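Be aware that the sequence shown starts at 2, since it is given in my numbering, and climbs by one per residue. Yeah, the Cβ is synthetic: ideal placement off N, Cα and C, and Gly gets one too. Since we're looking at a predicted model, the values are computed, not measured.
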Amino acid sequence: MKAGLAGFCLLALIATALPATAQEPMRGPDGRYRMVLPGKTPPKPVPAPAAQPDMQPYISPAMPQIDAPLPTGPKPDVIVPVSGGQIGGEAWSDGTFAFKAVPFARPPLGDLRWIPPQDVPAWEGVRFSKDSAPGCLQADYGWQTKISQASSEDCLYLEIRTPSLNHGAKKPVMVFFHGGANRAGSGEGTISSDLGRRDVVIVTLQYRLGVFGFLSHPALTAESANHASGNYALMDQIKALQWLRDNIASFGGDPDNVTIFGHSAGGQDVGLMLASPLARGLFHKAIEESGTPQFGFAPRTLVQNEALGIRLAEQFSQEPADGAKALAGLRHAPAMALQQAGDKLSPLMEDAGFIWDQGTVDGYILPKSPAEIFKAGEGAKVPLIIGVSARELMLADVSASLYGAIATRFGADRGKALRFYKLDIDKTPKRDEVLGDVPLQLSTDLMLRCPADWMARQVTAAGQQAWLYQLDIDADPKADVHHGSELSFVFNDRPKGVKEDHWPRLMDYWVQFAKTGDPNRKGLDDWPHYGRKGSYIEFTRKGSQTEDGMRSDICALLDRP
Numbered sequence: 002m003k004a005g006l007a008g009f010c011l012l013a014l015i016a017t018a019l020p021a022t023a024q025e026p027m028r029g030p031d032g033r034y035r036m037v038l039p040g041k042t043p044p045k046p047v048p049a050p051a052a053q054p055d056m057q058p059y060i061s062p063a064m065p066q067i068d069a070p071l072p073t074g075p076k077p078d079v080i081v082p083v084s085g086g087q088i089g090g091e092a093w094s095d096g097t098f099a100f101k102a103v104p105f106a107r108p109p110l111g112d113l114r115w116i117p118p119q120d121v122p123a124w125e126g127v128r129f130s131k132d133s134a135p136g137c138l139q140a141d142y143g144w145q146t147k148i149s150q151a152s153s154e155d156c157l158y159l160e161i162r163t164p165s166l167n168h169g170a171k172k173p174v175m176v177f178f179h180g181g182a183n184r185a186g187s188g189e190g191t192i193s194s195d196l197g198r199r200d201v202v203i204v205t206l207q208y209r210l211g212v213f214g215f216l217s218h219p220a221l222t223a224e225s226a227n228h229a230s231g232n233y234a235l236m237d238q239i240k241a242l243q244w245l246r247d248n249i250a251s252f253g254g255d256p257d258n259v260t261i262f263g264h265s266a267g268g269q270d271v272g273l274m275l276a277s278p279l280a281r282g283l284f285h286k287a288i289e290e291s292g293t294p295q296f297g298f299a300p301r302t303l304v305q306n307e308a309l310g311i312r313l314a315e316q317f318s319q320e321p322a323d324g325a326k327a328l329a330g331l332r333h334a335p336a337m338a339l340q341q342a343g344d345k346l347s348p349l350m351e352d353a354g355f356i357w358d359q360g361t362v363d364g365y366i367l368p369k370s371p372a373e374i375f376k377a378g379e380g381a382k383v384p385l386i387i388g389v390s391a392r393e394l395m396l397a398d399v400s401a402s403l404y405g406a407i408a409t410r411f412g413a414d415r416g417k418a419l420r421f422y423k424l425d426i427d428k429t430p431k432r433d434e435v436l437g438d439v440p441l442q443l444s445t446d447l448m449l450r451c452p453a454d455w456m457a458r459q460v461t462a463a464g465q466q467a468w469l470y471q472l473d474i475d476a477d478p479k480a481d482v483h484h485g486s487e488l489s490f491v492f493n494d495r496p497k498g499v500k501e502d503h504w505p506r507l508m509d510y511w512v513q514f515a516k517t518g519d520p521n522r523k524g525l526d527d528w529p530h531y532g533r534k535g536s537y538i539e540f541t542r543k544g545s546q547t548e549d550g551m552r553s554d555i556c557a558l559l560d561r562p
């Protein structure tokens with residue numbers, strides 16, 4: 002398999018969840034994974050009474066009275082004050098309120114390309130959109146063609162769905178980070194899911210992707226007051242969380258009860274929020290779905306990431322590639338050309354397809370590697386849910402050479418690894434009914450399963466509680482579990498006719514966790530916290546069961562998050 006193809010596995014899932022009856026599963030380019038395409042519209046807006054065409058929208062009591070006229074065009078059903086101005090929203094027929102294209106930072110255009118997110122300038126009147134903002138600029142990978150075609154550098158927006166506009170309602174807030182290998186995807190559709198009817202405030206945020214979100218360059222480092230560059234996407238996420246801290250009460254949310262959760266690269270970014278000191282206090286619980294802070298890869302140094310920026314500059318400037326003039330050229334280069342060229346850069350890692358999933362230790366957002374931060378007990382002191390699908394992704398190095406990957410990844414412990422996978426006695430061991438064949442087992446262990454167990458162990462050692470899971474089934478009873486299978490169960494109610502045992506109640510666990518910091522409640526199967534035994538819950542086709550020591554023999558040989 003070509004280096005980089007495995008990276009498309011992360012890209013192959015739109016991390017917006019829609020009811021299972023509307024999902025359309027399709028094979029990805031290599032036939033090994035699926036993508037989920039949008040298929041359901043949200044509840045219809047409540048129409049204004051025809052007899053009162055001039056009726057004014059609801060205005061929050063907390064809003065100061067102003068004389069600025071409402072803009073022409075569609076009028077909002079509700080208006081809420083936020084930092085910088087007023088935001089209009091729709092009243093949906095199920096009693097919830099939806100707000101789309103809500104700006105949390107200034108568009109990072111022109112000279113603001115590769116600059117930390119800036120405050121939105123104040124505006125007059127009411128900002129209101131019935132449509133989602135475009136996804137952040139991204140190349141077309143086939144599974145998200147429509148998102149790519151509409152994508153834009155002007156993309157730093159979030160969406161909110163809330164059951165109340167009472168400033169004192171203090172509803173739990175759940176903030177979703179979409180997946181897509183940190184170079185694709187969008188937040189659109191998330192607030193339309195069934196999760197939005199669970200008496201919580203649902204938020205989805207967008208962040209710069211690919212080279213715009215993660216590129217470093219010596220001239221960028223030199224112009225930074227913090228002597229760092231890269232990780233602009235993480236700065237966007239922090240900026241969005243700061244905006245929510247300051248404004249979510251106006252949407253009925255509790256700024257002191259915020260849960261961040263994400264899938265795949267979004268799950269990784271949740272882990273990096275746990276690691277970054279700049280995100281402290283902005284959230285109070287975290288959920289990582291099939292994503293860990295390092296994905297099992299070694300971290301990238303700032304110098305290594307700057308080297309990628311230099312190689313990119315060589316393609317777009319005749320000036321010295323490490324200088325300020327070359328950076329100026331990059332800031333004025335065609336955006337899509339930059340994004341596509343960024344995909345062809347080759348980082349020092351086992352699978353170049355995950356180029357923007359290798360965390361960069363920039364000395365600012367990440368002062369040390371995530372592994373060092375969590376080992377030292379310096380991560381955010383919040384409870385954590387973390388877990389994986391039993392079968393996740395194939396890695397390029399594993400696909401290219403199974404034995405070579407084991408030798409490289411395990412070093413002196415390669416003999417133990419060979420024995421664990423029974424490769425010392427059989428070149429093609431029997432395929433496991435749940436975990437798949439050995440190459441897929443190894444890839445999942447390396448990239449996600451063992452790193453997830455590692456994170457649960459470190460969080461527990463730091464004095465917090467962690468809950469670990471493995472999902473063995475997909476919403477499609479005819480399909481094998483795969484990367485992203487959990488999205489159906491997190492965002493969708495159980496369809497009629499589907500047996501309860503065949504539909505793990507992840508949504509119920511997630512909501513309970515967001516409310517209380519513990520996923521357990523009456524009516525749900527008991528889920529023990531990780532603790533000293535390394536306990537975890539396994540969601541199978543016959544219901545849930547609890548076990549201790551997830552793949553402990555092989556995971557003991559892997560010391561990375």
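Endpoints, beta strand (DSSP E) assigned at S390: Run containing S390: 385-390, per the beta strand (DSSP E) assignment.
Stretch pair the stretch 230-241 + the stretch 112-126: three plus CB contacts closer than 8 Å: Three or more pairs of CB atoms, one per stretch, sit closer than 8 Å, so the stretch 230-241 contacts the stretch 112-126.
Under the three-state DSSP convention, the category A381 falls into: Of the three classes helix, strand and coil, the one that applies to A381 here is coil, per DSSP.
CA-to-CA distance, T205 to L19, given in whole angstroms: The predicted model places L19 with a pLDDT of 35, which falls under 50 and marks its position as unreliable; any figure quoted below should be read in that light. Cα-Cα distance, rounded: 14 Å.
Residues near I288 in its chain [Cβ-Cβ closer than 6 Å; skip 5 each side]: Counting only Cβ-Cβ distances below 6 Å, and skipping sequence neighbours, we find F262, I386.
Helix, strand or coil at K240 [DSSP, three-state]: In this structure, K240 counts as helix in the three-state DSSP scheme.
Separation of N183 from I148, as counted between CA atoms: Each residue's alpha carbon lies about 14 Å from the other.
Beta-bridge pairing of F355 - partner residues as DSSP gives them: By DSSP's assignment, F355 forms no beta bridge with any residue.
Simplified DSSP assignment, three categories, for C156: Collapsing the DSSP output to three states places C156 in coil.
CB contact flag (G181, A299, <8 Å): Cβ atoms of G181 and A299: not closer than 8 Å.
Whole-angstrom distance between T222 and A325, CA atom to CA atom: When only Cα atoms are considered, A325 and T222 end up about 10 Å apart.
Expected contact under 8 Å - CB spacing of L449 and V362 to nearest Å: In fact, because the Cβ distance is near 21 Å, the residues do not count as touching under 8 Å.
Separation of E154 from M337, as counted between CA atoms: M337 and E154 have their alpha carbons spaced roughly 10 Å apart.
C-alpha distance - L283 paired with F411, whole-angstrom precision: For L283 and F411, the gap between their C-alpha atoms comes out near 37 Å.
Best match in S130, F215, L436 for proximity to L339 [C-alpha to C-alpha]: Of the candidates S130, F215, L436, the one whose C-alpha sits nearest the C-alpha of L339 is F215.
Helix, strand or coil at R317 according to DSSP, with G and I counted as helix: Contrary to the premise, residue 317 reads as Phe rather than Arg in this sequence. If DSSP states are grouped into helix, strand and coil, F317 belongs with coil.
Residues sharing a beta bridge with G111, DSSP: In DSSP, G111 forms no bridge with anything.
Presumed contact (8 Å Cβ cut-off) between K286 and A515, rounded CB distance: About 6 Å separates the two Cβ atoms, so the contact holds.
Spatially closest choice to I203 from V304, S291, F98, P135, by CA coordinates: Nearest to I203 by alpha-carbon distance, out of V304, S291, F98, P135, is F98.
Distance CB(C137)-CB(Q207) smaller than 8 Å: Yes; because the gap between Cβ atoms is below 8 Å, this pair is in contact.
The stretch 344-360 contacting the stretch 159-167, beta-carbon criterion three pairs below 8 Å: Contact fails: fewer than three Cβ-Cβ distances are below 8 Å.
Residue from Y365, F100, V399 with nearest C-alpha to L303: Looking only at Y365, F100, V399, the smallest Cα-Cα distance to L303 is reached by Y365.
Completely contained beta strand (DSSP E) runs for the stretch 522-546, where each covers 3 or more residues: Entirely contained in the stretch 522-546, the beta strand (DSSP E) runs reaching 3 residues are, in chain order, 536-541.
F490 - containing alpha helix (DSSP H), residue span: 487-492 is the extent of the alpha helix (DSSP H) around F490.
Supposed close pair A185, Y142 - CB separation, criterion 8 Å: The Cβ separation is near 6 Å, so the contact holds.
Sheet register partners of H264 (DSSP bridge): Beta-bridge pairing links H264 to E290.
Under the three-state DSSP convention, the category F178 falls into: Correct three-state label for F178: strand.
Per-residue burial, D132 [other beta carbons within 10 Å of its own, 16 or more giving buried]: The residue in question, D132, is exposed, as its Cβ has fewer than 16 Cβ neighbours within 10 Å.
P335 versus Q305 - alpha carbon distance: Between P335 and Q305, the C-alpha separation is close to 24 Å.
In DSSP terms, what F100 is bridged to: Answer is I161.
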